[in-house]
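*Asks:* Residue numbers (this note's numbering): 2 to 426. Just dropping this structure here.
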Ligand SMILES: [Zn+2]
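Here it is in structure tokens:
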């Protein structure tokens with residue numbers, strides 16, 4: 002079985018790819034439009050530098066080689082969503098090529114990453130075809146894989162990984178990903194076009210795998226064709242011949258001369274699964290748990306990195322998980338640190354989180370007694386040291402440090418409690 006994907010995602014820019022119209026979604030159709038994104042004759046596209054920069058960053062995190070000089074083509078087709086009769090896209094001189102994305106079982110090769118414009122939206126109502134140009138000209142990247150995926154499970158893993166990598170580039174693909182699936186169990190390639198959303202993509206793949214399997218089991222061969230996914234019936238259907246036979250003509254886009262991308266500073270982002278692996282190896286986190294915590298949560302990632310190596314990994318994970326339940330993972334690192342001092346046995350309360358955010362002391366009575374008990378024990382075992390500490394703040398700090406480290410308490414809290422216990426007097 003061979004599965005390849007062409008995934009289209011919208012880039013988070015303020016304005017469209019070739020004009021200054023806003024990309025913001027509006028209730029009213031045809032509000033954010035101008036002659037360029039409506040394809041009027043004589044209008045000239047002006048390339049959005051930020052869109053190219055984000056696309057370059059995406060190509061980079063997907064392990065692609067980056068082209069310094071890119072150019073555009075006109076992909077010619079006749080359809081109401083494109084009044085100028087071509088879509089501006091990339092072909093041979095795309096921004097990225099030859100990348101790879103690692104999933105647990107293998108590496109999925111990325112053939113290319115290219116920039117293109119979204120066409121208008123077609124609405125069919127009461128026998129009419131309506132056009133909304135708000136979407137027209139929104140910048141997209143198309144990510145094309147090699148047919149390296151060989152099961153539904155691998156498709157799931159790949160989409161999870163891609164979603165997580167793109168999330169750290171500011172792209173939410175859960176919201177509006179569009180993909181074409183190429184699936185072949187036999188000799189011929191079947192293309193399932195324009196599937197929207199990750200769930201539909203997986204469902205469409207599962208259906209198509211079963212369908213082709215059944216044909217092969219009957220001793221026949223699936224034919225080469227284009228299909229589409231019917232979301233209501235949850236099945237793929239053969240597309241009308243006209244659509245299936247569509248062949249695009251490509252011509253060089255002369256309105257956009259070769260564009261030099263070398264000056265665009267890429268956002269290196271992170272590859273969350275790789276970070277989870279490295280942090281786990283270095284500090285003893287549970288890799289699976291960490292991966293789930295950070296894969297779609299950059300605040301959780303920020304907090305974990307801020308405390309890794311200084312606190313017990315289990316305490317860090319427990320506090321982050323609890324913060325997520327409260328929807329409070331955006332707290333400052335200082336507030337997070339105060340909560341870490343409470344330890345993993347204690348469940349956080351709204352009050353504790355609010356106090357931590359205000360920088361107020363949040364010691365719980367349970368924890369306070371616990372610390373007092375451990376301090377007393379430490380004093381019993383180190384009487385001479387406490388003698389010395391009476392006159393020497395350096396020794397005092399040493400004791401605080403030792404107790405905090407030994408029992409994994411927050412040093413600030415230990416210091417306060419010792420002070421209240423009057424042990425250095
Ligand atoms: Zn426009």
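All residues carry an ideal CB built from backbone N, CA and C; glycine is no exception. It should be emphasised that the depicted structure is a prediction, and the values quoted were computed from it without experimental measurement.
Could you name the residues of the same chain whose beta carbon sits closer than 6 Å to that of residue 95, not counting the 5 residues immediately before and after it, in chain order?
*Replies:* 113, 115
*Asks:* Under 7 Å Cβ to Cβ from residue 185, same chain only, skipping five residues before and after it: list those, please.
*Replies:* 3, 191
*Asks:* Under 8 Å from any heavy atom of ligand 1, does the C-beta of residue 158 make it?
*Replies:* Checking every heavy atom of ligand 1 against the Cβ of residue 158, none is found closer than 8 Å.
*Asks:* Among 380, 388, 405, whose alpha-carbon lies nearest the alpha-carbon of residue 368?
*Replies:* 405
*Asks:* Pull up the distance between the alpha-carbon of residue 278 and that of residue 158, whole angstroms please.
*Replies:* 16 Å
*Asks:* Whole angstroms are fine: how far does the CA of residue 27 sit from the CA of residue 17?
*Replies:* 14 Å
*Asks:* Quick one: does the C-beta of residue 33 sit closer than 8 Å to a heavy atom of ligand 1?
*Replies:* yes
*Asks:* Per DSSP, what kind of secondary structure is residue 289 in: helix, strand or coil?
*Replies:* Note: residue 289 maps to helix in three-state DSSP.
*Asks:* Looking only at C-alpha atoms, which of 354, 200, 88, 238 sits nearest to residue 339?
*Replies:* 354
*Asks:* Please name the residue or residues paired with residue 347 in a DSSP beta bridge.
*Replies:* In the DSSP output, where bridge partners are listed per residue, residue 347 has none listed.
*Asks:* Would residue 47 and residue 144 qualify as a contact pair, given that the criterion is a beta-carbon distance under 9 Å?
*Replies:* no
*Asks:* Taking just the CA atoms, how far does residue 160 sit from residue 173?
*Replies:* Approximately 12 Å between the Cα atoms of the pair.
*Asks:* Could you tell me the distance, in whole angstroms, from the CA atom of residue 332 to the CA atom of residue 208?
*Replies:* Here the C-alpha atom of residue 332 lies approximately 44 Å from the C-alpha atom of residue 208.
*Asks:* Which partner residues of residue 227 appear in the DSSP bridge assignment?
*Replies:* 192.
*Asks:* Do residue 183 and residue 5 count as a contact pair if the criterion is CB distance below 9 Å?
*Replies:* Yes. Within cutoff.
*Asks:* Check whether the Cβ atoms of residue 253 and residue 44 sit closer than 9 Å, and answer yes or no.
*Replies:* No, these two residues do not count as a Cβ contact at 9 Å.
*Asks:* Quick one: which unbroken alpha helix (DSSP H) runs of 4-plus residues sit fully inside the stretch 31 to 76? Chain order, please.
*Replies:* 50 to 62
*Asks:* If distances are taken between C-alpha atoms only, which option among 403, 352, 271, 175 comes closest to residue 375?
*Replies:* 403
*Asks:* By Cβ distance, which residues of its chain are closer than 8 Å to residue 148, with the 5 residues on each side in sequence left out?
*Replies:* 3, 4, 5, 183, 185
*Asks:* Using the three-state DSSP reduction, which class does residue 264 fall into: helix, strand or coil?
*Replies:* coil
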